[in-house]
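Before any comments, here is the structure.
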Amino acid sequence: MIDETAKLGKNVKIGEYVIIEKNAVIGDHVTIGHHVVIKENTRIGNHVTINDHAVLGQYPVSNKKMARKPSIHLSPLVIGDEVKIGSQCVLFRGTNIMDGVLIGDLAAIRENVTVGINSIVGRNVMVENHTRIGQYVTIQTSSYVTAHMVIEDHVFIGPCLSSSNDKHMEMGKGELQGPILRMGSKIGNHATLLPGVIIGEKAVVGAGAVVTKNVKANEVVVGNPARPINR
Amino acid sequence: MIDETAKLGKNVKIGEYVIIEKNAVIGDHVTIGHHVVIKENTRIGNHVTINDHAVLGQYPVSNKKMARKPSIHLSPLVIGDEVKIGSQCVLFRGTNIMDGVLIGDLAAIRENVTVGINSIVGRNVMVENHTRIGQYVTIQTSSYVTAHMVIEDHVFIGPCLSSSNDKHMEMGKGELQGPILRMGSKIGNHATLLPGVIIGEKAVVGAGAVVTKNVKANEVVVGNPARPINR
Amino acid sequence: MIDETAKLGKNVKIGEYVIIEKNAVIGDHVTIGHHVVIKENTRIGNHVTINDHAVLGQYPVSNKKMARKPSIHLSPLVIGDEVKIGSQCVLFRGTNIMDGVLIGDLAAIRENVTVGINSIVGRNVMVENHTRIGQYVTIQTSSYVTAHMVIEDHVFIGPCLSSSNDKHMEMGKGELQGPILRMGSKIGNHATLLPGVIIGEKAVVGAGAVVTKNVKANEVVVGNPARPINR
Numbered sequence: 002m003i004d005e006t007a008k009l010g011k012n013v014k015i016g017e018y019v020i021i022e023k024n025a026v027i028g029d030h031v032t033i034g035h036h037v038v039i040k041e042n043t044r045i046g047n048h049v050t051i052n053d054h055a056v057l058g059q060y061p062v063s064n065k066k067m068a069r070k071p072s073i074h075l076s077p078l079v080i081g082d083e084v085k086i087g088s089q090c091v092l093f094r095g096t097n098i099m100d101g102v103l104i105g106d107l108a109a110i111r112e113n114v115t116v117g118i119n120s121i122v123g124r125n126v127m128v129e130n131h132t133r134i135g136q137y138v139t140i141q142t143s144s145y146v147t148a149h150m151v152i153e154d155h156v157f158i159g160p161c162l163s164s165s166n167d168k169h170m171e172m173g174k175g176e177l178q179g180p181i182l183r184m185g186s187k188i189g190n191h192a193t194l195l196p197g198v199i200i201g202e203k204a205v206v207g208a209g210a211v212v213t214k215n216v217k218a219n220e221v222v223v224g225n226p227a228r229p230i231n232r
Numbered sequence: 002m003i004d005e006t007a008k009l010g011k012n013v014k015i016g017e018y019v020i021i022e023k024n025a026v027i028g029d030h031v032t033i034g035h036h037v038v039i040k041e042n043t044r045i046g047n048h049v050t051i052n053d054h055a056v057l058g059q060y061p062v063s064n065k066k067m068a069r070k071p072s073i074h075l076s077p078l079v080i081g082d083e084v085k086i087g088s089q090c091v092l093f094r095g096t097n098i099m100d101g102v103l104i105g106d107l108a109a110i111r112e113n114v115t116v117g118i119n120s121i122v123g124r125n126v127m128v129e130n131h132t133r134i135g136q137y138v139t140i141q142t143s144s145y146v147t148a149h150m151v152i153e154d155h156v157f158i159g160p161c162l163s164s165s166n167d168k169h170m171e172m173g174k175g176e177l178q179g180p181i182l183r184m185g186s187k188i189g190n191h192a193t194l195l196p197g198v199i200i201g202e203k204a205v206v207g208a209g210a211v212v213t214k215n216v217k218a219n220e221v222v223v224g225n226p227a228r229p230i231n232r
Numbered sequence: 002m003i004d005e006t007a008k009l010g011k012n013v014k015i016g017e018y019v020i021i022e023k024n025a026v027i028g029d030h031v032t033i034g035h036h037v038v039i040k041e042n043t044r045i046g047n048h049v050t051i052n053d054h055a056v057l058g059q060y061p062v063s064n065k066k067m068a069r070k071p072s073i074h075l076s077p078l079v080i081g082d083e084v085k086i087g088s089q090c091v092l093f094r095g096t097n098i099m100d101g102v103l104i105g106d107l108a109a110i111r112e113n114v115t116v117g118i119n120s121i122v123g124r125n126v127m128v129e130n131h132t133r134i135g136q137y138v139t140i141q142t143s144s145y146v147t148a149h150m151v152i153e154d155h156v157f158i159g160p161c162l163s164s165s166n167d168k169h170m171e172m173g174k175g176e177l178q179g180p181i182l183r184m185g186s187k188i189g190n191h192a193t194l195l196p197g198v199i200i201g202e203k204a205v206v207g208a209g210a211v212v213t214k215n216v217k218a219n220e221v222v223v224g225n226p227a228r229p230i231n232r
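Chains as they are written, first to last, in the working numbering: chain S, 2 to 232; chain E, 2 to 232; chain W, 2 to 232.
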């Protein structure tokens with residue numbers, strides 16, 4: 002079901018039961034799996050691979066309970082060259098996935114996110130809105146990246162990270178601010194990051210640590226609450 | 002592929018490659034995404050939105066290892082008015098989703114669950130069977146809600162909650178009892194709740210806390226194991 | 002869309018918009034849900050049930066950032082008799098799912114994994130490559146099983162486990178080694194296991210524990226870091 006206004010490049014391979022909606026633009030040498038849905042206006046580069054059942058270019062939704070409604074004025078989803086997108090993924094409008102990025106199966110990335118070149122967003126990773134992910138970043142399987150978080154270049158995040166951005170837990174006070182992970186910092190598996198904490202350059206957060214305050218550059222912290230260790 | 006016994010209301014928009022099985026009942030002004038599967042007998046209210054690839058009305062399964070077999074005598078899945086259902090969701094028979102609820106992408110809700118009006122079940126949240134979720138509840142992304150859990154009205158659950166219900170870890174002794182979260186309690190991100198703990202009214206569980214015993218009303222607890230703090 | 006080289010047994014029920022690629026072999030009395038994708042060469046036993054939107058037999062992918070590229074020389078995915086596979090699952094080539102296994106919805110299992118007879122891989126569980134799961138194992142919902150992990154027979158893993166295998170967090174030094182869970186050990190919900198830790202026979206890891214070193218047979222550990230308790 003390919004809309005007649007969609008533009009397809011050279012040598013595009015399309016699986017069965019695929020939907021390409023109006024004004025989508027697909028580059029050259031793109032491989033599209035079975036049952037993939039590419040929503041209106043989505044722009045896809047060259048040499049991209051999209052696995053089965055992925056949904057690209059979804060609009061956010063809201064209900065009465067939600068204090069902060071997502072914007073519906075969003076630019077199209079833009080996907081660079083040589084990107085690989087896993088099965089069952091959901092990627093939103095207003096987001097920019099740069100060249101060489103790999104997105105694992107069953108991952109979701111919301112609106113107004115940037116993912117820098119050659120980064121990895123692992124399987125089942127959830128990335129919320131208004132987050133900036135640098136280049137050569139690794140985010141391993143089942144990690145949770147909250148809204149308004151900053152992940153600088155060359156950061157490594159082990160599996161099952163949890164992060165948050167709202168000190169007041171939905172009391173509606175103050176700004177949301179996710180953690181800020183400086184260049185080259187490393188986060189062990191299953192760490193917990195509280196709202197707005199800053200993890201300094203090349204700092205290391207141990208597996209299972211609960212980080213309640215800022216971590217200095219090159220520091221290593223472990224425990225609940227996380228405290229520096231001597232190495 | 003719409004079964005001839007299915008009943009569709011006025012102004013129902015249906016995507017491509019949708020399956021609506023026998024005796025399903027769809028209200029007015031419903032929008033159904035691409036590749037959605039609506040299984041037999043499912044009842045959907047008015048002004049509902051269902052995103053791509055969602056599966057509604059699934060039966061539970063079991064194997065030889067499973068000590069407690071799920072019931073297969075289940076009433077149909079019932080979805081109220083103005084409900085929004087994310088892409089790739091799986092909702093089971095025997096469950097009741099009330100008016101105004103939002104269910105995020107890649108979430109699953111098992112049989113015999115009630116979700117009260119205007120509540121939010123976030124993206125990638127897993128809700129097990131026989132759980133009661135009140136109204137105006139927020140359950141954020143990637144949280145895990147165990148079976149036989151009670152979440153009262155206006156509870157807030159941050160991302161990546163883990164809860165459990167079996168003290169004996171599958172030794173087959175005793176009843177399963179999930180945590181009980183009283184009215185207006187707040188749970189920080191990545192908290193761990195042990196089987197049957199009661200979180201009192203307006204109590205607060207800090208991020209990363211491991212709650213091994215009951216928390217009194219208005220109390221604030223943090224740490225592993227969680228202990229009250231003075232504010 | 003069933004390839005003409007695929008071989009189907011007796012009494013195979015096939016849903017709508019299903020894809021069965023070339024040289025797939027399907028046993029007798031198999032039920033295949035809607036929108037299921039069975040990729041080339043996949044071998045499925047008798048009396049198997051596959052729910053909607055599952056993807057069976059996927060190849061791994063990689064990008065420039067990934068230090069260890071996955072093998073692409075993989076034998077077909079092999080699924081035994083009486084296996085049940087949930088909706089939206091993704092199972093890879095090179096993996097062997099033995100008789101009677103149950104795999105929950107939204108789970109993914111990578112290449113070169115063995116799952117022994119009658120084991121349960123819960124909903125939303127992610128299993129990485131080169132992992133060996135014994136028989137009669139339970140892995141509950143939303144758990145994360147890292148690469149190069151060993152789970153012996155009769156192990157119980159509660160919901161939301163996190164495990165890891167790389168002490169150096171992607172510095173490229175040394176071998177990857179996931180945790181080793183000995184026969185009959187039990188892991189409480191939301192535990193954290195560091196790379197290579199050995200959990201002894203019938204040992205118990207408490208909910209929320211962070212296990213940084215080996216646990217002896219029959220020992221019970223809790224806390225962060227995990228320490229033995231007297232019972």
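Glycine included, each C-beta is placed from N, C-alpha and C at the ideal position.
Rounded straight-line distance, which links the Cα of residue j to that of residue i
i: residue 209/W; j: residue 27/E; result: 43 Å
i: residue 124/E; j: residue 226/S; result: 28 Å
i: residue 81/S; j: residue 18/W; result: 30 Å
i: residue 23/S; j: residue 40/S; result: 7 Å
i: residue 53/E; j: residue 58/S; result: 11 Å
i: residue 16/E; j: residue 48/E; result: 16 Å
i: residue 99/E; j: residue 219/S; result: 50 Å
i: residue 43/W; j: residue 75/S; result: 41 Å
i: residue 211/W; j: residue 109/E; result: 28 Å
i: residue 153/E; j: residue 92/E; result: 21 Å
i: residue 111/E; j: residue 165/E; result: 15 Å
i: residue 115/S; j: residue 198/W; result: 36 Å
i: residue 149/S; j: residue 179/S; result: 5 Å
i: residue 192/W; j: residue 5/S; result: 52 Å
i: residue 69/S; j: residue 167/E; result: 37 Å
Endpoints, the beta strand (DSSP E) within which residue i is located
i: residue 223/E; result: 221 to 223
i: residue 91/E; result: 91 to 93
Reduced DSSP category for residue i - H, G, I as helix; E, B as strand; rest coil
i: residue 52/S; result: coil
i: residue 79/W; result: strand
i: residue 103/E; result: strand
i: residue 229/W; result: strand
i: residue 8/W; result: strand
i: residue 118/W; result: coil
i: residue 127/E; result: strand
i: residue 141/E; result: coil
i: residue 57/W; result: strand
i: residue 68/E; result: coil
i: residue 40/S; result: coil
i: residue 162/W; result: coil
i: residue 73/E; result: coil
Anticipated Cβ contact below 8 Å, residue i with residue j, distance rounded
i: residue 162/S; j: residue 188/S; result: 6 Å
i: residue 118/S; j: residue 86/S; result: Contact doesn't hold; Cβ gap of about 15 Å is too wide.
i: residue 97/S; j: residue 79/S; result: 5 Å
i: residue 155/W; j: residue 138/W; result: 7 Å
Chain S residues whose Cβ lies nearer than 9 Å to that of residue i
i: residue 129/W; result: 124, 142, 160
Listed by chain order, chain W residues near residue i by CB distance under 8 Å
i: residue 57/S; result: Going along chain W, no residue has its Cβ under 8 Å from residue 57/S, so there is no contact; the nearest lies around 16 Å.
i: residue 50/E; result: Those within 8 Å of residue 50/E in chain W number zero; the least Cβ separation is about 19 Å.
i: residue 103/S; result: 62, 63, 64, 66, 67
Under 9 Å by beta carbon: chain W residues contacting residue i
i: residue 25/E; result: Per Cβ cutoff of 9 Å: no residues; residue 25/E is ~14 Å from chain W at best.
Under 7 Å by beta carbon: chain S residues contacting residue i
i: residue 195/W; result: 208
Chain-ordered neighbours of residue i on chain A, where CB pairs are closer than 9 Å
i: residue 155/W; result: Chain labels in this structure do not include chain A; the protein chains are S, E and W.
Partners in chain E for residue i, counting only beta-carbon separations shorter than 9 Å
i: residue 92/W; result: Per Cβ cutoff of 9 Å: no residues; residue 92/W is ~16 Å from chain E at best.
i: residue 163/S; result: 143, 159, 160, 161, 190, 191, 208, 209
Proximal residues of chain S, C-beta to C-beta of residue i below 8 Å
i: residue 214/E; result: Under the 8 Å cutoff, chain S gives no residues; its nearest Cβ is about 17 Å from residue 214/E.
i: residue 132/W; result: Within 8 Å Cβ-Cβ: nothing; residue 132/W doesn't reach chain S, min ~12 Å.
Chain E contact residues for residue i, given Cβ-Cβ distances below 7 Å
i: residue 5/W; result: In chain order: nothing, as chain E lies at least about 22 Å away.
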